[in-house]
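Read in order, the letters of the sequence shown are residues 40 to 319 in the working numbering. The beta-carbon is built from N, C-alpha and C at its ideal position, and this holds for glycine as well. All figures in this text were calculated on a predicted structure; none of them were measured in a lab. These notes concern the structure reproduced below.
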Amino acid sequence: MRVRVRGCRGTIATSGADTMRYGGNTSCVEVRLASGRVLILDAGTGIRELGAELAAEGVRRIDLLLTHLHVDHLEGLGTFAPIWSPDVELHVWGPSSPVASLAERVATYFSPPLFPVTLSEAPARMEFHDASGHEWELDGARIASDAIVHPGATVGYRIREGDRVLAFLTDHEPALAADLRAEPGEWISGFALAHRADLLIHDCQYTPEEYATRLGFGHSTTEHVAAFAEKADVGRLVMYHHDPMHSDAQLEAMRADVLRRWRVPEERCLLAAEGDTFEL
């Protein structure tokens with residue numbers, strides 16, 4: 040399994056000299072299974088460049104796994120080249136909601152006045168699937184999803200291929216519902232998805248000082264993510280969903296704080312950067 044970061048910024052895309060090292064595109068991660076099957080985690084602005092590459096490769100089957108439908112995780116879909124090809128089969132997975140179907144909620148963004156055309160006008164063949172608390176298989180990989188703590192319907196994902204596991208929990212505030220160091224793991228949001236994962240990609244948007252005025256926003260701090268990674272006993276942590284106001288230097292200071300709290304070798308705690316590739 041090959042994992043590549045295509046976008047790792049949270050809330051809104053950003054640009055400028057101070058954010059060039061880690062990038063400004065919003066949430067999107069490419070996963071290639073051993074079979075060659077393409078999975079995409081989230082459809083933030085990072086999906087645009089990936090889409091151009093997939094179109095050039097002639098990829099005809101794509102699975103898009105949405106964690107939730109906040110705009111920074113969906114805003115790149117309209118510029119994703121494969122949806123404009125009638126030869127492409129796109130399977131979209133995402134959290135269920137009592138309010139509307141997944142297709143209806145995606146179409147709310149993908150329609151005027153927010154977007155110039157409607158979802159139904161995109162020529163790709165699209166199928167929508169409920170991914171709330173389910174497990175399924177794709178080309179030999181086992182995928183599990185479960186609800187996690189964040190405003191609105193939100194899921195995290197666990198992808199196992201062979202004996203290797205990737206966990207993806209962006210936009211996650213497990214500390215809102217539990218004392219991460221004191222509570223049993225089974226009581227902590229996202230724990231089962233992350234437990235002993237080889238690679239955990241996890242929200243780390245705030246410093247502890249910033250969190251004082253952002254309680255309940257649905258995001259984690261350096262303190263939270265260090266405690267969560269330790270409790271879940273993960274192999275490597277990739278800090279993700281960077282705040283748009285944080286410079287490269289600020290992100291590196293946050294990584295140093297996580298390392299100080301978690302007390303692990305530097306290679307086990309990384310900052311997500313656009314283009315980073317991990318082989319599992």
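Proximity winner among the options, relative to residue i (alpha-carbon distances)
{"i": "Ala84", "options": "Ala163, Val70, Ser66 and Arg294", "result": "First, the residue type needs correcting, since residue 84 is Thr and not Ala in the sequence shown. The shortest Cα separation from Thr84 among Ala163, Val70, Ser66 and Arg294 belongs to Ser66."}
{"i": "Thr50", "options": "Leu105, Thr147, Thr316 and Asp210", "result": "Asp210"}
{"i": "Ala312", "options": "Ile240, Trp132 and Arg299", "result": "Ile240"}
{"i": "Asp111", "options": "His280, Met284 and Asp287", "result": "His280"}
{"i": "Ile86", "options": "Phe119, Val77, Val156 and Arg302", "result": "Phe119"}
{"i": "Glu212", "options": "Val264, Arg220 and Asp287", "result": "Val264"}
{"i": "Glu262", "options": "His285, Val188, Met284 and Asp218", "result": "Asp218"}
{"i": "Arg235", "options": "Tyr250, Asp202 and Leu215", "result": "Asp202"}
{"i": "Thr147", "options": "Leu108, Gln289, Gly133 and Glu128", "result": "Leu108"}
{"i": "Arg76", "options": "Ala56, Met40 and Ala52", "result": "Met40"}
{"i": "Asp315", "options": "Tyr61, Asp57, Ala56 and Gly195", "result": "Tyr61"}
{"i": "Ala56", "options": "Glu305, Val303 and Ala288", "result": "Ala288"}
Where residue i falls: helix, strand or coil (DSSP)
{"i": "Thr147", "result": "helix"}
{"i": "Met293", "result": "helix"}
{"i": "Gly133", "result": "strand"}
{"i": "Leu116", "result": "helix"}
{"i": "Arg87", "result": "helix"}
{"i": "Thr261", "result": "helix"}
{"i": "Leu105", "result": "coil"}
{"i": "Thr58", "result": "helix"}
{"i": "Val110", "result": "helix"}
{"i": "Leu298", "result": "helix"}
{"i": "Gly224", "result": "helix"}
{"i": "Phe267", "result": "helix"}
{"i": "Ala139", "result": "coil"}
{"i": "Ala216", "result": "coil"}
{"i": "Pro247", "result": "helix"}
{"i": "Pro121", "result": "helix"}
Beta-carbon separation (whole angstroms), residue i vs residue j, contact threshold 8 Å
{"i": "Thr246", "j": "Met293", "result": "6 Å"}
{"i": "Gly229", "j": "Leu254", "result": "Not confirmed; about 18 Å, so no contact."}
{"i": "Glu200", "j": "Ala180", "result": "4 Å"}
{"i": "Leu141", "j": "Ser150", "result": "Actually they are not in contact, since the Cβ atoms of Leu141 and Ser150 sit about 15 Å apart, beyond 8 Å."}
{"i": "Asp81", "j": "Val68", "result": "7 Å"}
{"i": "Ile122", "j": "Ala95", "result": "Going by Cβ atoms, the distance from Ile122 to Ala95 rounds to 15 Å, so no, they are not a contact pair."}
{"i": "Val204", "j": "Asp237", "result": "5 Å"}
{"i": "Val42", "j": "Leu319", "result": "7 Å"}
{"i": "Gly63", "j": "Ser54", "result": "5 Å"}
{"i": "Gly182", "j": "Ile198", "result": "Residue identity check: residue 182 is Ile in the sequence provided, not Gly. Indeed they touch by this definition, with Cβ atoms about 5 Å apart."}
{"i": "Leu290", "j": "Leu309", "result": "Wrong, their Cβ atoms sit about 11 Å apart, outside the cutoff."}
{"i": "Ala163", "j": "Leu129", "result": "5 Å"}
{"i": "Val145", "j": "Leu113", "result": "7 Å"}
{"i": "Leu153", "j": "Gly195", "result": "Actually they are not in contact, since the Cβ atoms of Leu153 and Gly195 sit about 26 Å apart, beyond 8 Å."}
Distance cut-off 7 Å: residue i Cβ against heavy atoms of the ligand GDP
{"i": "Cys243", "result": "As presented, the structure is devoid of all ligands, the ligand GDP included, so that no description of it is given."}
According to DSSP, residues forming a beta bridge with residue i
{"i": "Leu232", "result": "Answer is none; Leu232 lacks a bridge partner."}
{"i": "Asp242", "result": "Tyr279"}
{"i": "Gly49", "result": "Gly49 pairs with nothing; no bridge assigned."}
{"i": "Tyr196", "result": "Ser184 and Phe207"}
{"i": "Met165", "result": "Leu129"}
{"i": "Thr316", "result": "Arg43"}
{"i": "Leu309", "result": "Val277"}
{"i": "Leu78", "result": "Val70 and Asp102"}
{"i": "Glu174", "result": "Ala183"}
{"i": "Thr157", "result": "Thr157 is not bridged to any residue."}
{"i": "Thr65", "result": "Arg48"}
Using 8 Å as the threshold, is the stretch 230 to 246 in touch with the stretch 88 to 108, meaning 3 or more CB pairs across them?
-> no
Count the C-beta pairs between the stretch 86 to 98 and the stretch 162 to 174 that are closer than 8 Å, then say yes if the count reaches three, no if not.
-> no
Three-pair Cβ contact test at 8 Å for the stretch 219 to 238 versus the stretch 270 to 289 | yes
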